[in-house]
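Beneath this line is the structure, given in structure tokens, with notes to follow.
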């Protein structure tokens, strides 16, 4: 039995036993590995970094999708930047009121590999008739598009390699221009305890482009180092403050059955620990 050792951070690593090797190869853009681990099930890694596992993916995908959709309350058109394993699409298509989904992915081979090797992630969402799948660079797509969306979800890898452009001033500015009056942008924003510059840098860029911005968070076991942060931004200050009773009503009406998300968790997720608030403040001060 071999071992996969992730060394994303200097001086700190996690190891997973490779109980069954399934796939290893290069797409031309990224190194891909899929294997089975006895505790987490099938595991996808890109460039040596754990991206998702069958056991704990529900935390990430439920929070990134349902928090903005239920906060908004009337999402009809969604743009997804970064399709990857398809888990975020699985959660989006569960909302019957959504009429149109545009999903942009830079690496088609990852999508097809995950469709075949991690089928429970997308669970048929890639064949949903509301979905339009586009293979392109996310930043370039936004720069050229003239469409408007109620929600933009950025389900990216970390800021490096193919995802580097999705953490830039230009990307956030383009997102702001493509959102409707109450539109929301929600993004993957790393683990702040071990990626502090990412949180502060994103705060600075969101503040430059949006009327309202912030972060929410959730604990995903294989994203080591503490809670994962999700970026939040909108042209409206109202949607982030959707009250608990409204969230409960929308959640009940949706018919969703979830394993992590609840309306109460939704509201609590925006309460950040002091160290995250300090990182955000330090990031903003660099521009002062």
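Numbering (the numbering used here), first residue to last: 168 to 455.
Here a beta-carbon is modelled for each residue, glycine too, at the ideal position from N, C-alpha and C.
Computed from a predicted structure; not experimentally measured.
Scanning 179, 294, 266, 240 for the CA closest to the CA of residue 411 turns up 240.
Of all alpha-carbon atoms in 278, 250, 283, 229, the one lying nearest the alpha-carbon of residue 261 is that of 229. Residue 386 has its alpha-carbon roughly 23 Å from the corresponding atom of residue 281. Around the Cβ of residue 413, a 10 Å sphere holds fewer than 16 other Cβ atoms; the residue is exposed. Taking the Cα of residue 177 as reference, the smallest distance to any Cα among 362, 294, 357 is reached at 362. Closest in alpha carbon position to residue 438, among 408, 421, 337, is 408. Beyond the five residues adjoining it in sequence on each side, residue 227 comes within less than 6 Å, by CB distance, of 387 in the same chain, given in chain order. One thing to note: residue 253 has its Cβ within 7 Å of the Cβ of residue 289. Shown here, residue 326 sits in coil according to DSSP, grouped into three states, outside any helix or strand.
Beyond the five residues adjoining it in sequence on each side, residue 187 comes within less than 8 Å, by CB distance, of 202, 203 in the same chain, given in chain order. Three or more pairs of CB atoms, one per stretch, sit closer than 8 Å, so the segment 337-355 contacts the segment 299-318.
Spanning the alpha carbons of residue 444 and residue 431 requires a straight line of approximately 21 Å. Membership of residue 301 in the beta strand (DSSP E) is indicated by the continuous run 298-302. Taken in chain order, the whole alpha helix (DSSP H) runs of length 4 or more contained in the segment 361-447 are 363-376, 411-421, 430-435. If you ignore the 5 residues before and after residue 323, its C-beta comes within less than 6 Å of the C-beta of 249, 330, 333, 355, all in its own chain and listed in chain order. Secondary structure of residue 218 (DSSP, three-state): strand.
Under the rule that a run must span 3 or more residues, the beta strand (DSSP E) segments found entirely inside the segment 234-275 read 244-248, 267-272.
About 19 Å separates the CB atoms of residue 284 and residue 270; that is not less than 8 Å, and the two are not in contact.
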